[in-house]
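Below you'll find the structure, written out as structure tokens, and then a few comments.
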Amino acid sequence: MSTDTIRLTIDRGSETQAFDVPAYESQTVLDVVSWVQQNADPSLAYRFACRVGMCGSCAMMVNGVPRWTCRTHVSKVVEDGALHVGPLRNLPVIRDLVVDMDPFFDKWIAAEGVHHGTRTRDDEIAPVDETSPARVEANSGIECINCSVCYAACDTVAGNPDYLGPAPLLRAWTLLNDAKDAGRVAILDAVSGSGGCHNCHSMGSCTAYCPNELDPMSAIAGLKRETMKHALRGRR
Amino acid sequence: MTMVAYKNRAHPLWLAYIVHRLSGLFLALFLPLHFWVLAMAASEPGRLDGFLRFTEYGIVKAAEFGLVFGLAIHMFGGLRLLALEWLPWSAPQKTLAAAAASASFLIAALFLMRAFG
Ligand code: FES
């Protein structure tokens, strides 16, 4: 790194505050934010838990782009020695870098992103064919960590607060393709309503910024096809 | 919000989206003018001839090119969107299909230009 300090600007409510943070080798954006909280201003509010890209709690806007900060190296995103960090877009801000994730999780439920079981505890475990096309489709989306980066990246969510958004629809698509899930009709009804998959304009910011390299845009396209077939077949 | 929010749009998928929508808007605004000029052929042929003389000017020729270009990118944008949303193909298959469609369009356009040029 050419500079030995990073000029960090943080959005705090209606104000922004700047800090000079010492730069290190292999430093992450979360390290930089934590340095401020530990050394400059203990009142700074931000979230993290695992620091290894598992829990999905550390997402923030970094230089205008939503990112998981614990796995984002400063060297990858710094611009002229400066970083600008803010709370995730499209969600209500609680304080500083902390947003209220409730609307995001509520939509997860509204998209029927819940397990619809097919068997009881007394039945055998259903066999899963790992090579079937439906399973391959389901597997491609199950690594979502609920970080809300896609939700913050989406301009359709910004324009329509009722839109379910990329991650909830990706989960709906995963369950629709899961042999162990019996919620087909409930899912298709949930994702074809006014806030459903047909709002999507395929802008692709979800797919471009998903830190786990998942593809919500194609999953939503899959839902568009299935809901259309479902409607044409008289909702079967 | 103090953060610049447009930066997360700087990627090919979003640019393809905006090019498709803006070219559509441009064509929609152009269509009334197009019909108005065409209607002259029936109502006032003399005036139409006067109008067509404009097409000799360089700037009008450039505008015509812009129009054809707008039509072409809007058509490909639409085909791309249809393929993206309605064909359960893999990404490489779609890239190949798009490349094949562009190449055939280019060849067809070159033939047409030779035939009428
Ligand atoms: S802290 Fe858990 S994903 Fe970043």
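Keeping their order, the protein sequence lines are chains A and B. Reminder that position 83 of the first sequence reads as 83 in UniProt numbering, one-by-one numbering, no gaps. Reminder that position 115 of the second sequence reads as 115 in UniProt numbering, one-by-one numbering, no gaps. Glycine included, every Cβ here is placed at the ideal spot set by N, Cα and C. Nothing here was measured: the structure is a model prediction, and the numbers come from that model.
Exposure label - residue i; buried when at least 16 CB within 10 Å
i: residue 207 (chain A); result: buried
i: residue 70 (chain A); result: buried
i: residue 94 (chain A); result: exposed
i: residue 148 (chain B); result: Shown here, chain B extends from 1 to 117; a query on residue 148 (chain B) therefore has no answer.
i: residue 85 (chain A); result: buried
i: residue 131 (chain A); result: exposed
i: residue 174 (chain A); result: buried
i: residue 163 (chain A); result: buried
i: residue 54 (chain A); result: exposed
i: residue 58 (chain B); result: exposed
i: residue 96 (chain A); result: buried
i: residue 112 (chain A); result: buried
i: residue 74 (chain A); result: buried
i: residue 33 (chain B); result: exposed
i: residue 23 (chain A); result: buried
i: residue 12 (chain B); result: exposed
i: residue 60 (chain B); result: exposed
i: residue 204 (chain A); result: buried
i: residue 1 (chain B); result: Its pLDDT being 45, under 50, residue 1 (chain B) is placed unreliably by the model, and nothing is read from it.
i: residue 92 (chain A); result: exposed
i: residue 49 (chain B); result: exposed
i: residue 202 (chain A); result: buried
i: residue 107 (chain A); result: buried
i: residue 133 (chain A); result: exposed
i: residue 60 (chain A); result: buried
i: residue 80 (chain A); result: exposed
i: residue 35 (chain B); result: exposed
i: residue 107 (chain B); result: exposed
i: residue 101 (chain A); result: buried
i: residue 39 (chain A); result: exposed
According to DSSP, residues forming a beta bridge with residue i
i: residue 8 (chain A); result: A:19 and A:83
i: residue 37 (chain B); result: Paired residue(s): none; residue 37 (chain B) is not in a bridge.
i: residue 59 (chain A); result: A:68
Three-state class that DSSP yields for residue i in the structure shown
i: residue 42 (chain A); result: coil
i: residue 28 (chain A); result: strand
i: residue 94 (chain A); result: strand
i: residue 67 (chain A); result: strand
i: residue 99 (chain A); result: strand
i: residue 73 (chain A); result: strand
i: residue 131 (chain A); result: coil
i: residue 89 (chain B); result: coil
i: residue 47 (chain A); result: coil
i: residue 78 (chain B); result: helix
i: residue 150 (chain A); result: helix
i: residue 204 (chain A); result: coil
i: residue 116 (chain A); result: coil
i: residue 11 (chain B); result: coil
i: residue 182 (chain A); result: coil
i: residue 64 (chain B); result: helix
i: residue 1 (chain A); result: Residue confidence for residue 1 (chain A) is low, a pLDDT of 46 falling below 50, so the modelled location carries little weight; the figure read from the coordinates is stated next. Of the three classes helix, strand and coil, the one that applies to residue 1 (chain A) here is coil, per DSSP.
i: residue 217 (chain A); result: helix
i: residue 45 (chain B); result: helix
i: residue 197 (chain A); result: helix
i: residue 113 (chain B); result: helix
i: residue 228 (chain A); result: helix
i: residue 136 (chain A); result: helix
i: residue 56 (chain B); result: helix
i: residue 34 (chain A); result: helix
| request: Tell me, please, whether the region 174–190 of chain A touches the region 219–235 of chain A by the rule of three or more beta-carbon pairs shorter than 8 Å. | output: yes
| If you pair each beta-carbon of the region 214–225 of chain A with each one of the region 44–53 of chain B, do three or more pairs fall below 8 Å? | no
| task | For ligand 1, enumerate in chain order all residues having a CB closer than 6 Å to any of its heavy atoms. | result | A:48, A:49, A:50, A:51, A:53, A:54, A:55, A:56, A:57, A:58, A:68 and A:70
| message | Quick check: the region 15–25 of chain B against the region 73–84 of chain B, are at least 3 beta-carbon pairs closer than 8 Å? | response | yes
| At least three beta-carbon pairs within less than 8 Å, the region 51–66 of chain A to the region 151–158 of chain A | yes
| request: Could you tell me whether the region 20–40 of chain A touches the region 117–137 of chain A, where touching means 3 or more Cβ pairs closer than 8 Å? | output: no
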